[in-house]
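A.B. asks: For the sequence shown, the positions run 29 to 266 when my numbering is used. Backbone N, C-alpha and C define an ideal beta-carbon position, used for all residues, glycine too. Predicted model, so just to flag it, every value in this text is computed and none were measured.
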Amino acid sequence: MVVVVTTVGGLEEDIMKAHNEDFVIGSFSEDDVELYEKGVNRVGNLFIRTESYAKFEDLMKPYLKDIYSSKKRVTPSEIFNEIGLKLEDEDSILFQAAKKKVPIFCPAVTDGAFGFHLFMFQQDHSDFIVDVVKDFSNILFSTSQDEKKGLISLGGSISKHHAILACLLNGGLDYAVYMTTASSYSGSMSGASTNEAKSWGKIKDDSDAVTVIGDVSVTFPLVMVSVLEELSSEGLLE
């Protein structure tokens, strides 16, 4: 079974893009005070207008009202599935995941604009419950379905650990690829290597695992092009 584990920032940006919000590629070394004065927020070298977040609030209200009308207690993965079904944008991660029935788990769902709007909605609907613990049960069940388990981690942080923790409780990973720019010397989860995970049993000691140091916006597309070419040559792609 295929699942996605991610942080909430990428998902809220996916929703914005599906509604034609324009993001701008800039520089890591911009004058951030000047950007603030212009109503522009910087995420690395990605620029997002404050206006886009205001529009995001207008998008969230009807989505949450529709979900609330049918279910008062819901998991984050169910919320993302319902929103994905409504996006109808072929380039949207949420849309494609919902279309292909791939659950998206987000353990830190409150850590962003999305979480703020969940909070605001709950102020007016006190019986609306977002059940993060239930989703942990769901990912444990999902990762127990296959005899062999593999993981591709892009970046790291809480989403990486959530995925490998779920696999630890199901016997550990047989295959793992970590792609990150973080260093293991920082002691962070983003910088933790596949070898470190073996000390916990999150990755099996006889696994096929590797840590790739590099910008995932470069390394991951290169890997996928190679993989798709190989699968195509073997007649394994539809």
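Need the endpoints of the alpha helix (DSSP H) that N333 sits in, please.
C.D. replies: The chain is shown only over 29 to 266; residue 333 falls outside these bounds and no answer can be derived.
A.B. asks: Just curious, the beta strand (DSSP E) that G178 is in, first and last residue?
C.D. replies: For the purposes of this step, residue 178 is identified with residue 150 of the sequence shown, where counting begins at 1. Note, G178: beta strand (DSSP E), 178–182.
A.B. asks: So for L197, helix, strand or coil by DSSP?
C.D. replies: On the sequence shown, position 169 is the one that residue 197 refers to. The answer is coil: DSSP assigns L197 none of H, G, I, E or B.
A.B. asks: Taking the CB atoms as reference points, tell me whether K89 and E49 lie closer together than 8 angstroms.
C.D. replies: Residue numbering aside, residue 89 sits at position 61 when the sequence shown is read from its first letter. Residue numbering aside, residue 49 sits at position 21 when the sequence shown is read from its first letter. Their beta carbons are not under 8 angstroms apart, which means K89 does not touch E49 by this criterion.
A.B. asks: How about I132 and A125: do their beta carbons lie closer than 8 angstroms?
C.D. replies: Taking the sequence shown and counting its residues from 1, the one referred to as residue 132 is at position 104. Taking the sequence shown and counting its residues from 1, the one referred to as residue 125 is at position 97. Yes; because the gap between Cβ atoms is below 8 angstroms, this pair is in contact.
A.B. asks: Between the alpha carbons of Y91 and T171, how many angstroms are there, rounded?
C.D. replies: Taking the first residue of the sequence shown as position 1, residue 91 is located at position 63. Taking the first residue of the sequence shown as position 1, residue 171 is located at position 143. Their Cα atoms are separated by approximately 29 angstroms.
A.B. asks: Going by other Cβ atoms of all chains shown within 10 Å of its Cβ, with 16 needed for buried, is M44 buried or exposed?
C.D. replies: Against the sequence shown, residue 44 aligns to sequence position 16. So M44 counts as buried.
A.B. asks: Does the distance from the CB of T208 to the CB of G219 come in under 8 angstroms?
C.D. replies: Walking along the sequence shown from the start, residue 208 turns up at place 180. Walking along the sequence shown from the start, residue 219 turns up at place 191. Contact: yes.
A.B. asks: How do the segment 170–189 and the segment 30–37 stand: do at least 3 beta-carbon pairs fall below 8 angstroms, yes or no?
C.D. replies: Because the criterion of three Cβ pairs below 8 angstroms is met, the segment 170–189 and the segment 30–37 touch.
A.B. asks: Give every residue of the same chain whose Cβ lies closer than 7 angstroms to the Cβ of E58, excluding the five residues on either side of it in the sequence, and list them in chain order.
C.D. replies: Here residue 58 refers to the residue found at position 30 of the sequence shown. If we look at E58 and ignore the five residues flanking it on each side, its Cβ neighbours are R70.
A.B. asks: When you compare only the Cα positions, how much space is there between V61 and F51?
C.D. replies: As a position in the sequence shown, residue 61 is number 33, starting the count at 1. As a position in the sequence shown, residue 51 is number 23, starting the count at 1. Approximately 19 angstroms, taken between the alpha carbons.
A.B. asks: Could you tell me whether the Cβ atoms of F123 and D117 are closer together than 8 angstroms?
C.D. replies: Indexing the sequence shown from 1 puts residue 123 at position 95. Indexing the sequence shown from 1 puts residue 117 at position 89. Yes.
A.B. asks: Quick one: residues in its chain with C-beta nearer than 7 angstroms to the C-beta of K100, no 5 flanking neighbours on either side, listed in chain order?
C.D. replies: Residue 100 sits at position 72 when you count from the first residue of the sequence shown. Counting only Cβ-Cβ distances below 7 angstroms, and skipping sequence neighbours, we find D155, F156, I157.
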